[in-house]
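In my numbering, the protein residues as written are 823 to 1537.
Where a beta carbon is used, it is the ideal one built from N, C-alpha and C, also for glycine.
Predicted model only: the values in this text are computed from it and were never measured.
I have placed the structure first, in the form of structure tokens, so that the comments after it can refer back to it.
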């Protein structure tokens, strides 16, 4: 969140402290003046939106185009001799869980609106509508690390303080990001805005903390106090309303009509005037209890000021955890090995956090919450439960259940789902056994986690870049009681993996999408959520499949998939989807015959009875329709216009979650008894096999929230 309103105040009302610069020219002058290589430390999470640019975002991500955008960005900066280091967020700190929840619910409102637009056959406007494609935050670090060879670090929680400390310690020329906390930290002199950056010219605006302190007549050292009295991550602005009204004499008629807060151009100068009348910073730190009484009306909240100011104190004298290298892992504690690989951005952000006892997070995705398709977070929960058992065997403090904060249909995010680790049928190895074991153990564990039958197939004979996507399809079609995708949808997805169009960016951009299909958007989101979860599994297994073959740009493009989806839905045969090429058709059939024999048989049709009424779905208000028999013929697709989706979901029982034997704060209004919310507490006496969850039903729209859309998002 940073300091609410500070950047907008500087941009609109403090021109002396916020002005246009050209990063290339600044770097050239810096190099001439100091003789040093200009180093810029980049807050990677704040760059995602800018670097994604105008690529299609609704269909599941355009990864080859995104990689090219990042390469161009990198070349533009390095052509001026600039050295780049990237930092990315880890888990959300628990003190910010409420803010995280509010933002996810705000995002949900956007998603619902986008699907309403799609279903009304209207166009999504580029400048007005945007949502980060699923997996963008998870896989962007690997583009910088593996494609460009940059130093890339993943923090244990938010990265802003690590960015500021690294920049200060190594004498960086500047920081590139979009977080007002970088104005408060006493770090690199230049703080460049990524939101205002022109990627072609490198023009942007710079926030100048020295100039800001001069304009406000306070010292640099007092900026952390300014942050605390305006409102930041520790002290919420809502807790300061009385102080702002009574001590600063800000009338309520100045408050914004939507959020009951004074505008920054009135609030910030008044707070600065209050601070300028306080003792020097050294004295003030000794008298924070008096300041707390003036601000909160009680000394009992002094700890908030202490924590709020301490948040900005940089530790640059201690050891640098980000530049440590593993010279010899033999004999090293597994927790330390995982920590070092986490920081080095090899494992994704979930493995180490779960091992430390922190929750799993899954953000809002582009899923149609009125559809009968399940949510990706629920679909892959059984897979995660198997990975949790591997981590459980290596955790220091006895991992019992794993809290999961997941947005899915029916979730209110009032409480985490508590998920029991699940033992593999032949027994689960520990992390140590996997990381120090042979390749067969790593492969066997990976395949067993996906599906027990996958080991019996010829999955390893596929080209390396097809193993992960085919494994995801195998999981989707063979693990649940019935396949997630229809036969022709699976055909479309496999054709997209094999498409020669996907190899050339110009051909991808030339693809015409006559319309956007809402179900195809949801299917793509499920697949990409699956890829994020499969990367988590691969990291636990020490990558039996190389990282370069487990990343989306190796086999996936959302626009290409949507193109084949529309063709398959309109009745295109497999030969058409394979572009009438024998080599593509051969690979297609190899994948199809690998998956199809292991799919569950179709449910028998039940004849309607005259004595009982047809139940109606509370969500859809339409009668249930029998599911048609599943076709085992790989060469055909559905008729031209498939009907309304089959089997709309029904209302499910409410199950209150219990955590540690105590009732948690609340429950979802509609929760599946087989979802993680329905699981019982798992004790250390042994693992418990959780049944496969079903997707709950969305019964309400997003709750009202004061929070705005996030700067950062975790997917």
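Own chain residues within Cβ distance below 7 Å of residue i, not counting five before or after
i, result
"residue 1433", "The predicted position of residue 1433 is uncertain, since its pLDDT is 44 and thus under 50; a value taken from the coordinates is nonetheless stated next. If we look at residue 1433 and ignore the five residues flanking it on each side, it has no Cβ neighbours."
"residue 1163", "1169"
"residue 848", "1012"
"residue 976", "910, 912, 963, 1164, 1165, 1167 and 1171"
Own chain residues within Cβ distance below 8 Å of residue i, not counting five before or after
i, result
"residue 1218", "1157"
"residue 1422", "1300, 1302, 1303, 1304 and 1305"
"residue 1368", "1286"
Straight-line Cα distance separating residue j from residue i
i, j, result
"residue 1296", "residue 1417", "6 Å"
"residue 1358", "residue 877", "27 Å"
"residue 1071", "residue 1052", "14 Å"
"residue 1066", "residue 1059", "9 Å"
"residue 987", "residue 1246", "43 Å"
"residue 1464", "residue 1393", "Because the pLDDT at residue 1464 is just 38, under 50, the model does not fix this residue reliably, and the point stays unresolved."
"residue 915", "residue 980", "7 Å"
"residue 1327", "residue 1288", "20 Å"
"residue 903", "residue 1331", "32 Å"
"residue 984", "residue 1165", "11 Å"
"residue 1094", "residue 995", "28 Å"
"residue 841", "residue 835", "11 Å"
"residue 1334", "residue 1413", "27 Å"
"residue 1348", "residue 844", "41 Å"
"residue 1396", "residue 1411", "9 Å"
"residue 1323", "residue 1342", "19 Å"
"residue 1510", "residue 1256", "Note that residue 1510 scores 39 on pLDDT, short of 50, meaning its location in the model is unreliable; the coordinates nonetheless yield the value given after this. Looking at the two C-alpha atoms, the distance is approximately 22 Å."
"residue 1486", "residue 1180", "Legend: pLDDT at residue 1486 = 36, less than 50; position of this residue unreliable, no value from coordinates given."
"residue 1584", "residue 825", "This structure gives no information on residue 1584, because the portion of the chain shown stretches from 823 to 1537."
"residue 864", "residue 909", "6 Å"
"residue 828", "residue 1382", "42 Å"
"residue 1407", "residue 1364", "33 Å"
"residue 1200", "residue 1185", "12 Å"
"residue 1337", "residue 888", "22 Å"
"residue 879", "residue 929", "15 Å"
"residue 1226", "residue 1175", "12 Å"
"residue 1504", "residue 882", "Bear in mind that a pLDDT of 38 at residue 1504, under 50, signals an unreliable position, so the number given afterwards is only what the model happens to contain. C-alpha separation (whole angstroms): 36 Å."
"residue 1265", "residue 1362", "11 Å"
"residue 920", "residue 1233", "15 Å"
Where the beta strand (DSSP E) containing residue i begins and where it ends
i, result
"residue 843", "840-844"
"residue 1026", "1025-1029"
"residue 864", "861-865"
"residue 1138", "Segment: none, residue 1138 is in no beta strand (DSSP E) and carries neither H nor E."
"residue 997", "996-999"
"residue 1014", "1012-1015"
"residue 1182", "1182-1184"
Cutoff 6 Å; reference residue i; Cβ partners in own chain excluding five residues on either side
i, result
"residue 1270", "1246"
"residue 1202", "1352 and 1355"
"residue 1293", "1272"
"residue 1214", "1221 and 1243"
"residue 1314", "1386, 1387 and 1390"
"residue 1197", "1189, 1230, 1231 and 1517"
"residue 913", "979, 1175 and 1180"
Range covered by the alpha helix (DSSP H) that runs through residue i
i, result
"residue 1201", "1198-1201"
"residue 1227", "That residue, residue 1227, is in no alpha helix (DSSP H); its beta strand (DSSP E) goes 1224-1228."
"residue 1311", "1309-1320"
"residue 1333", "First-last for residue 1333: undefined, no H or E at that position."
"residue 1156", "1156-1165"
"residue 1296", "1286-1300"
"residue 830", "828-835"
"residue 1045", "1045-1052"
"residue 1174", "1173-1177"
"residue 1004", "1003-1006"
Any non-hydrogen atom of the ligand MG closer than 8 Å to residue i Cβ
i, result
"residue 955", "Here there are no bound small molecules, and the ligand MG is not part of this structure."
Any chain C beta carbon closer than 9 Å to residue i
i, result
"residue 1246", "No chain C is present in this structure, which holds just one protein chain."
Alpha helix (DSSP H) segments (min. 4 residues) lying fully within the stretch 875-935: 885-900
Could you tell me which whole alpha helix (DSSP H) segments of length 4 or greater appear in the stretch 1363-1426? 1380-1391, 1396-1399 and 1404-1417
Quick check for students: name the residue ranges of the alpha helix (DSSP H) that lie wholly in the stretch 967-991, counting only runs of 4 or more. 982-991
Unbroken alpha helix (DSSP H) runs of length 4 or more, entirely within the stretch 1054-1123: which are they? 1086-1098, 1103-1108 and 1110-1118
Between the stretch 1088-1102 and the stretch 1033-1053, do at least 3 Cβ pairs fall closer than 8 Å? yes
What ranges does the alpha helix (DSSP H) occupy inside the stretch 1213-1275, keeping only unbroken runs of at least 4 residues that lie completely in it? 1253-1258 and 1261-1272
Does the pairing of the stretch 1139-1153 with the stretch 1184-1195 give three or more beta-carbon distances under 8 Å? no
I want to know whether the stretch 845-856 touches the stretch 866-874 - three or more CB-CB distances under 8 Å. no
Any contact of the stretch 1129-1138 with the stretch 943-953, i.e. 3+ C-beta pairs under 8 Å? no
At least 3 beta-carbon pairs within less than 8 Å: the stretch 1195-1210 vs the stretch 992-1009: no
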